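Here the structure is laid out as structure tokens; the discussion comes afterwards.
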Amino acid sequence: MLTKTPEIVADGDGWLVKGSTDLHALQQTLGLENLVDEDNDYATVAGLVIAVNGQIPHAGEMVELPSIQITVTEANNYRVDQVRVVKLTSPHDEEE
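Numbering (the UniProt record's numbering), first residue to last: 1 to 96.
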């Protein structure tokens with residue numbers, strides 16, 4: 001049974017995700033691995049985006065990780081409110 005949380009909403013080939021969404025929840029919903037790194041000092045999608053970007057990104061900016069692409073859809077000077085996440089499909093997992 002597929003349950004949807006209001007923080008993560010299917011949107012075509014991706015998902016609209018609130019910035020406050022816990023990374024564990026996103027990882028589980030999307031069936032990803034290695035999204036959560038216990039060594040990092042952030043626990044939310046917004047924290048991940050800001051950490052990878054180096055600053056609070058503007059709406060329209062994109063962050064690419066090994067398994068997903070995150071596009072900021074709503075943000076202001078203080079926080080990331082919403083992003084759109086798309087899973088990246090690699091032809092093979094054996095790329096080096």
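Note that CB positions come from ideal geometry on N, CA and C, so glycine has one too.
Please read these numbers as outputs of a predicted model, since none were measured by experiment.
One thing to note: Val-83 has its Cβ within 8 Å of the Cβ of Val-45.
Per the DSSP secondary-structure output, Leu-16 pairs in a beta bridge with Val-9, Arg-84. Counting only runs that start and end inside the region 49-82, there is no alpha helix (DSSP H) element of at least 4 residues. Straight through space, the alpha carbons of Asp-39 and Asp-11 are spaced by roughly 31 Å. With contacts defined as CB atoms closer than 8 Å, Met-62 and Gln-69 qualify as a contacting pair.
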